[in-house]
Amino acid sequence: MVKENLSGEDIRELHVENGTVVDCRGCSYKTCIHYSEEKSCFYGGIMVKEILPAIEEADCIIWLCPNYNDAISAKLMAVINRMTVLYKRVKFEDKTLFSVVVSGNSGSDCVAKQLMGALNINKGFRLPPYFALTATANDPGSIMNVLGIDKKVKEFAENIKREIKK
Numbered sequence: 075m076v077k078e079n080l081s082g083e084d085i086r087e088l089h090v091e092n093g094t095v096v097d098c099r100g101c102s103y104k105t106c107i108h109y110s111e112e113k114s115c116f117y118g119g120i121m122v123k124e125i126l127p128a129i130e131e132a133d134c135i136i137w138l139c140p141n142y143n144d145a146i147s148a149k150l151m152a153v154i155n156r157m158t159v160l161y162k163r164v165k166f167e168d169k170t171l172f173s174v175v176v177s178g179n180s181g182s183d184c185v186a187k188q189l190m191g192a193l194n195i196n197k198g199f200r201l202p203p204y205f206a207l208t209a210t211a212n213d214p215g216s217i218m219n220v221l222g223i224d225k226k227v228k229e230f231a232e233n234i235k236r237e238i239k240k
């Protein structure tokens with residue numbers, strides 16, 4: 075829904091739901107720096123071939139986060155953990171953080187706070203006002219029944235456009 079309101083923007087979707095991202099090995103600092111200089115990572119794979127280069131090129135990243143027990147999914151957390159290899163050579167403060175969090179009941183704020191901690195406070199991503207769009211939807215497609223969702227999505231997309239122009 076947000077993507078439809080971002081016409082004219084260069085958007086690249088990356089999917090991690092199929093288990094192709096292995097979590098961070100926890101290399102020593104020197105080892106991680108070595109891989110960073112090589113534009114690589116211990117495990118390689120989709121992270122090195124697609125995800126890390128896309129993060130390097132992006133002006134902003136919109137994290138689409140389903141809420142799993144008031145936490146970011148393990149697959150998305152693996153991506154965040156593996157981003158450490160970029161940390162020493164990419165200016166994350168030049169990249170803006172946004173998120174869409176959908177919960178089955180409650181806890182969207184917990185997921186948004188987790189993103190803030192991992193990406194803004196820890197890694198230094200720019201955090202604009204109203205960075206997160208949150209909603210509650212229990213069943214596939216039920217997001218369309220959320221009162222005022224079209225207006226919320228449009229306003230969120232307008233905020234993204236405004237913030238990435240800064």
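Going by our numbering, the sequence shown runs without a break in its numbering and finishes at 240.
Note that beta-carbon positions come from the ideal geometry of N, C-alpha and C, so glycine has one too.
Residue environment, residue i, which counts as buried when at least 16 other CB atoms sit within 10 Å
i: K225; result: exposed
i: T170; result: buried
i: L193; result: buried
i: E237; result: buried
i: L207; result: buried
i: G182; result: It is worth fixing the name first, because residue 182 is Ser in this sequence and not Gly. So S182 counts as buried.
i: N143; result: exposed
i: K219; result: Per the sequence shown, the amino acid found at residue 219 is Asn instead of Lys. With fewer than 16 other Cβ atoms within 10 Å, it is exposed.
i: N141; result: buried
i: I195; result: exposed
i: I234; result: buried
Nearest candidate by alpha-carbon position, reference residue i, set the options
i: G100; options: L207, V122, L171, A152; result: A152
i: F166; options: C134, K113, K104, L88; result: C134
i: E87; options: T94, I125, S102; result: I125
i: I120; options: N196, M157, R200, K197; result: M157
i: V174; options: I223, G198, K162; result: I223
i: V122; options: A132, L160, L150, L138; result: L160
i: S81; options: N196, I238, E237, A231; result: A231
i: C139; options: L201, C184, D168; result: C184
i: E112; options: D84, K239, R163; result: R163
DSSP bridge partner residues for residue i (one or two, in chain order)
i: T210; result: S177
i: R200; result: T170
Quick check on the DSSP output: what are the complete alpha helix (DSSP H) runs of length 4 or more inside the region 159 to 190, in order along the chain? 182 to 189
Inside the region 130 to 162 only - alpha helix (DSSP H) runs reaching at least 4 residues: Entirely contained in the region 130 to 162, the alpha helix (DSSP H) runs reaching 4 residues are, in chain order, 148 to 156, 158 to 161.
Does the region 200 to 218 come close enough to the region 161 to 180 to have 3 or more Cβ pairs within less than 8 Å? Yes, the region 200 to 218 is in contact with the region 161 to 180.
For the 8 Å Cβ check, are there 3 or more pairs between the region 184 to 204 and the region 143 to 152? yes
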